[in-house]
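Engineer:
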Amino acid sequence: MRLTDTNKDFHTENEKLDSVIKELILDYIHDMIFIMKVENGNQFRYAYINESAIHYTSIKNEDMGKLLEEVVSTDLAKELQIRYTELVHSGVSITYQDELELSTGKQVVNESILTPIKNDLGEVEYVASITRDITEAVNEKKMLLKAKERYKSIIEHNLDAIFILDSNGIIKESNGAGCQLTGYSKKKLTNTSIYDLFHFQNKNAIKESVRKTLVGTPTTLEYCLLRNSLGQEKITHLKTVPIVINEKCDGCYIIAKDVTEHHEQNEIIHYMALHDQLTGLWNRKALDDHIPLMIHNMEEHGKELSVLYLDLDRFKFVNDTLGLKGGDRFLIKITKRLITLTNDECLLYRQGGDEFIYLLKNSSFEETKEKAKEILNLFAEAFTIDGQEFYTSPSIGISRYPADGYDSNSLIQKAAQALFEVKEKGRAHFRFYQTHMKSSFPNYIIMESHLRKAIEKEELYIHYQPQVNLSTGTIESFEALIRWNNRKFGFVSPAQFIPLAEETGLIHQIGDWVLEQVCIQLQTWRQKGYRNVRVAINISPKQFLQEELVDTIDYYLSSYNIPASCIEIEITEGAMQDTQQTLKMLKKLKKLGIFISVDDFGTGYSSLNYLKRFPIDILKIDQSFVREIGLNQKDSAITTTIIHLAHSLGLEVIAEGVEREGQVHFLKEANCQKAQGFYFSKPICPREVEEQQFVVM
Ligand code: C2E
Ligand code: MG
Ligand code: MG
Numbered sequence: 057m058r059l060t061d062t063n064k065d066f067h068t069e070n071e072k073l074d075s076v077i078k079e080l081i082l083d084y085i086h087d088m089i090f091i092m093k094v095e096n097g098n099q100f101r102y103a104y105i106n107e108s109a110i111h112y113t114s115i116k117n118e119d120m121g122k123l124l125e126e127v128v129s130t131d132l133a134k135e136l137q138i139r140y141t142e143l144v145h146s147g148v149s150i151t152y153q154d155e156l157e158l159s160t161g162k163q164v165v166n167e168s169i170l171t172p173i174k175n176d177l178g179e180v181e182y183v184a185s186i187t188r189d190i191t192e193a194v195n196e197k198k199m200l201l202k203a204k205e206r207y208k209s210i211i212e213h214n215l216d217a218i219f220i221l222d223s224n225g226i227i228k229e230s231n232g233a234g235c236q237l238t239g240y241s242k243k244k245l246t247n248t249s250i251y252d253l254f255h256f257q258n259k260n261a262i263k264e265s266v267r268k269t270l271v272g273t274p275t276t277l278e279y280c281l282l283r284n285s286l287g288q289e290k291i292t293h294l295k296t297v298p299i300v301i302n303e304k305c306d307g308c309y310i311i312a313k314d315v316t317e318h319h320e321q322n323e324i325i326h327y328m329a330l331h332d333q334l335t336g337l338w339n340r341k342a343l344d345d346h347i348p349l350m351i352h353n354m355e356e357h358g359k360e361l362s363v364l365y366l367d368l369d370r371f372k373f374v375n376d377t378l379g380l381k382g383g384d385r386f387l388i389k390i391t392k393r394l395i396t397l398t399n400d401e402c403l404l405y406r407q408g409g410d411e412f413i414y415l416l417k418n419s420s421f422e423e424t425k426e427k428a429k430e431i432l433n434l435f436a437e438a439f440t441i442d443g444q445e446f447y448t449s450p451s452i453g454i455s456r457y458p459a460d461g462y463d464s465n466s467l468i469q470k471a472a473q474a475l476f477e478v479k480e481k482g483r484a485h486f487r488f489y490q491t492h493m494k495s496s497f498p499n500y501i502i503m504e505s506h507l508r509k510a511i512e513k514e515e516l517y518i519h520y521q522p523q524v525n526l527s528t529g530t531i532e533s534f535e536a537l538i539r540w541n542n543r544k545f546g547f548v549s550p551a552q553f554i555p556l557a558e559e560t561g562l563i564h565q566i567g568d569w570v571l572e573q574v575c576i577q578l579q580t581w582r583q584k585g586y587r588n589v590r591v592a593i594n595i596s597p598k599q600f601l602q603e604e605l606v607d608t609i610d611y612y613l614s615s616y617n618i619p620a621s622c623i624e625i626e627i628t629e630g631a632m633q634d635t636q637q638t639l640k641m642l643k644k645l646k647k648l649g650i651f652i653s654v655d656d657f658g659t660g661y662s663s664l665n666y667l668k669r670f671p672i673d674i675l676k677i678d679q680s681f682v683r684e685i686g687l688n689q690k691d692s693a694i695t696t697t698i699i700h701l702a703h704s705l706g707l708e709v710i711a712e713g714v715e716r717e718g719q720v721h722f723l724k725e726a727n728c729q730k731a732q733g734f735y736f737s738k739p740i741c742p743r744e745v746e747e748q749q750f751v752v753m
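Under this note's numbering, think of the first position of the sequence shown as 57, with each following residue one higher.
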């Protein structure tokens, strides 16, 4: 686009140059340039517009020389007319912004500078308008403003406290949540050190976090104690975020989340997860958590750890007597006593039911032994529940790290196996794990599940131990002893599984099975023509209290056609507690015609009065006395006394557990009628009985 005709006359070199420069400036500049000739002070005629103006507006080259209102829309003309007129009057440049729709249809924001061009008289001859599209700049500004608002919003409306710190940890800004958390106003917080808000324990850690953050690494910190304006402590989780401006770190944010409530809830949940609800002791989960930690610790210091596994003897009986609630109270009383032995080195856990575990840290073999004795002593006195006295004792199995295992599982399992052995060998004492205990069941639950299936899987069978008449040397009777050979765990002693069968009630089924098997065996022997022998059957206390016992025995006797005199039942003294009931039952059994013997005589604590009142036929002297014959004067004397006592009451006596010739000699001298023990024969299977011709014609 060229300047108007009047300019054509310039032709000196300088003028040419001037013209080129003007052209460059006016035509190649991106701003739109409009130059209006002022006529009569209020009429404006197009004198010049540049390439950009032609490009972006609908004004064309041909419009030059036309009046404003002839070229643009009425509205725009009116608006411009006002501005131009104002400029003519004021003679001073003005700047304004307006929005325009370009010929392309694009909506733009323009910024225009109106400049008066005056003649020599100082009158405004031309109005020059330089209009620039500032849409982008305006948008950018808007976006910046929006971003600022957004940023402000995220800070101000954040539920977490946010503090903006300078490189010295001084708070420069904080949000509403920050005020709420600390209890201080924004004004008060500004220019205070962030470290002053936290507990001294956390100060160093926070300083370190801020230091890292200031070199560009965000960090997190858990459980920092913030002290608010009222002096209350709040548990906070902190996040530190660097403030990076122009690639340079210019302070940091600290975002503090108040987790006090959450933490308290967590504490409760955590407590509940690791503690036994009834006793408040640590539970099995805690035990599993603690053992590895302790082992780790012991390992480092070359120390040893002992696991003492306690099971209360005959707790089932207490539970049955007191009911579940009474049983719980009993357990609480026991817990209180057990707790008296605990300290930093000795921790107590409830493993479940009536089982407890002590962990003894840094303990030697001897110290562990002492502790086990102390535990046993805790049970010397009775526990009183509802005015009634109850005695119980613990059986304790012990395993040791590192000798018996390196992890929680194997240590507990081995302590449980040792405990098994304790139960088997008479309860109320302790035993350390030894390798021969290996093949046993790992625990009672597994043993019970196997025992339930033992009959149907035909894992049970009966051995017969001959009872020898000491004066004639003949065998007139046998004791039936149950055997269990489990497919997985091998042979299990009745001393182990009979108590469990009693506790779980399986004894009824097993007891019935024994009765029937013995009758079947007797029938077989009778059919083979063997001489009449008597078989003694062990009846457990629980079985003995069963009303149906008499009917059951009667039923089998008649089913297999066995005379009642071929059956003897062995009852322990313990089973004869409730005298009325016992007397009634014994009388009924006697009426059937069977023999009744008192097993393990001398080990129960009942008075001897019952011997006179109850219809008993035989006393079996417990092996513990027989074992000591010739070795221990007191036990030898007890044995002699029992024999005399039996004779004076008209009872027969059998000595159990005879293993040596000396014992046989002693018993013969003391006029003991019968003896039973390994010296004569171990319990043997029916085939062996027949082969050895014990069952003579
Ligand atoms: P118990 O009735 O006192 O049986 C005697 C135990 O002494 C048997 O142990 C027998 O094998 C063992 N024995 C016999 N002679 C000797 C000996 O010379 N030396 C030694 N050291 N031991 C000897 P077993 O068979 O292990 O039975 C243990 C207990 O299990 C029995 O003690 C009895 O109370 C119970 N039991 C066994 N079978 C049955 C049953 O069918 N029903 C019930 N309810 N209990 C049973
Ligand atoms: Mg017996
Ligand atoms: Mg016995």
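Just so it is clear, CB atoms sit at the ideal spot from N, CA and C, and this is done for glycine as well.
Whole angstroms are fine: how far does the CA of residue 470 sit from the CA of residue 612?
Structural biologist: One C-alpha to the other measures close to 42 Å.
Engineer: When DSSP builds the beta bridges, which residues end up paired with residue 88?
Structural biologist: 187.
Engineer: According to DSSP, is residue 61 helix, strand or coil?
Structural biologist: With a pLDDT of only 47 at residue 61, under 50, the local geometry of the prediction cannot be trusted, and the value read off the model is given with reservation. Residue 61 falls in the helix class under three-state DSSP.
Engineer: Comparing the CB of residue 762 with every heavy atom of ligand 2, is any distance shorter than 7 Å?
Structural biologist: Nothing about residue 762 can be read from this structure; the chain reaches only from 57 to 753.
Engineer: Quick one: complete beta strand (DSSP E) runs, 3+ long, within the stretch 101 to 164?
Structural biologist: Counting whole runs of 3 or more residues, the stretch 101 to 164 contains the beta strand (DSSP E) stretches 150 to 157.
Engineer: Label residue 370 either buried or exposed according to how many other C-beta atoms from any shown protein chain fall within 10 Å of its C-beta, with 16 as the threshold for buried.
Structural biologist: So residue 370 counts as buried.
Engineer: Compute the minimum distance between the beta carbon of residue 712 and the heavy atoms of ligand 3, and state whether it is under 7 Å.
Structural biologist: It does: the Cβ of residue 712 is within 7 Å (strictly closer) of some heavy atom of ligand 3.
Engineer: Using only CA atoms, which one of 218, 409, 333 and 534 lies nearest to residue 242?
Structural biologist: Of 218, 409, 333 and 534, the residue nearest in Cα terms is 218.
Engineer: Helix, strand or coil for residue 66 per DSSP?
Structural biologist: For residue 66, the predicted structure reports a pLDDT of 43, less than 50, and the residue's modelled location is therefore unreliable. The matter cannot be settled from this model.
Engineer: Check whether the Cβ of residue 676 sits closer than 7 Å to any heavy atom of ligand 3, and report yes or no.
Structural biologist: Yes, Cβ of residue 676 sits closer than 7 Å to a heavy atom of ligand 3.
Engineer: Does the contact criterion of 3 or more C-beta pairs under 8 Å hold for the stretch 594 to 608 versus the stretch 409 to 420?
Structural biologist: With the cut-off at 8 Å, the stretch 594 to 608 and the stretch 409 to 420 do not touch.
Engineer: Just curious, the alpha helix (DSSP H) that residue 505 is in, first and last residue?
Structural biologist: Counting along the chain, the alpha helix (DSSP H) containing residue 505 begins and ends at 500 to 508.
Engineer: Going by the DSSP bridge assignment, what does residue 349 pair with across the sheet?
Structural biologist: Note: residue 349 sits in no beta bridge, so no partner.
Engineer: Does the Cβ of residue 480 lie closer than 7 Å to at least one heavy atom of ligand 2?
Structural biologist: Flag unset: Cβ of residue 480 not near ligand 2.
Engineer: Given a threshold of 16 other Cβ atoms within 10 Å of its Cβ, counted over all protein chains shown, does residue 308 qualify as buried or as exposed?
Structural biologist: Residue 308 should be labelled buried.
Engineer: With distances taken from CA atoms, which of 482, 213 and 561 is nearest residue 233?
Structural biologist: Of the candidates 482, 213 and 561, the one whose C-alpha sits nearest the C-alpha of residue 233 is 213.
Engineer: Heavy atom of ligand 1 less than 7 Å from the Cβ of residue 717, yes or no?
Structural biologist: Checking the Cβ of residue 717 against ligand 1 gives no.
Engineer: Less than 8 Å between the C-beta atoms of residue 122 and residue 139, yes or no?
Structural biologist: Their beta carbons are not under 8 Å apart, which means residue 122 does not touch residue 139 by this criterion.
Engineer: With distances taken Cα to Cα, identify the nearest neighbour of residue 320 among 289, 725 and 335.
Structural biologist: The option with the nearest alpha carbon to residue 320 is 289.
Engineer: List, from N- to C-terminal side, the beta strand (DSSP E) runs of 3 residues or more that fit wholly inside the stretch 328 to 394.
Structural biologist: DSSP runs (the beta strand (DSSP E)) wholly in the stretch 328 to 394: 361 to 368.
Engineer: In terms of residues, what are the limits of the alpha helix (DSSP H) holding residue 720?
Structural biologist: Run containing residue 720: 717 to 725, per the alpha helix (DSSP H) assignment.
Engineer: Using only the heavy atoms of ligand 2, determine whether one of them is closer than 7 Å to the beta carbon of residue 535.
Structural biologist: For ligand 2, at least one heavy atom lies less than 7 Å from the Cβ of residue 535.
Engineer: Using 8 Å as the limit for Cβ to Cβ distance, is residue 280 near chain D?
Structural biologist: In the structure shown, chain D cannot be found, because there is only a single protein chain.
Engineer: From residue 395 to residue 402, what distance separates their C-alpha atoms?
Structural biologist: In a straight line, the C-alpha of residue 395 is about 10 Å away from that of residue 402.
Engineer: According to DSSP, simplified to helix, strand and coil, what is residue 404?
Structural biologist: Strand at residue 404.
Engineer: Taking DSSP as the reference, what is the three-state secondary structure of residue 417?
Structural biologist: Residue 417 falls in the coil class under three-state DSSP.
Engineer: According to DSSP, is residue 533 part of a helix, a strand, or is it coil?
Structural biologist: Three-state DSSP puts residue 533 in a strand.
Engineer: From the DSSP output, in three-state form, read off residue 752 for me.
Structural biologist: Summary for residue 752: the model assigns pLDDT 49, below 50, so the residue's position carries little reliability; its value from the coordinates is reported in the next sentence. Residue 752 falls in the coil class under three-state DSSP.
Engineer: Using 7 Å as the cut-off, classify the Cβ of residue 731 as near or not near the heavy atoms of ligand 1, replying yes or no.
Structural biologist: The answer is no for residue 731.
Engineer: In its own chain, which residues sit with a C-beta less than 7 Å from the C-beta of residue 740, not counting the 5 before and 5 after it?
Structural biologist: These residues qualify, in order along the chain: 519 and 520.
Engineer: Among 696, 637, 686 and 517, whose alpha-carbon lies nearest the alpha-carbon of residue 38?
Structural biologist: No answer is possible for residue 38: the residues shown for the chain start at 57 and end at 753.
Engineer: My output table needs one value for residue 456: the three-state DSSP class, helix, strand or coil.
Structural biologist: Three-state DSSP puts residue 456 in a strand.
Engineer: Less than 6 Å between C-beta atoms, sequence neighbours within five positions excluded: which residues of the same chain meet that for residue 499?
Structural biologist: Correct list, in chain order: 472.
Engineer: Count the CB pairs spanning the stretch 418 to 437 and the stretch 353 to 373 that are closer than 8 Å, and state whether there are at least three.
Structural biologist: Yes, they touch.
Engineer: Residue 626: beta carbon under 7 Å from a heavy atom of ligand 1?
Structural biologist: Yes - ligand 1 has a heavy atom lying nearer than 7 Å to the Cβ of residue 626.
Engineer: Answer with buried or exposed for residue 381, where buried requires no fewer than 16 other C-beta atoms within 10 angstroms of its C-beta.
Structural biologist: The residue in question, residue 381, is exposed, as its Cβ has fewer than 16 Cβ neighbours within 10 Å.
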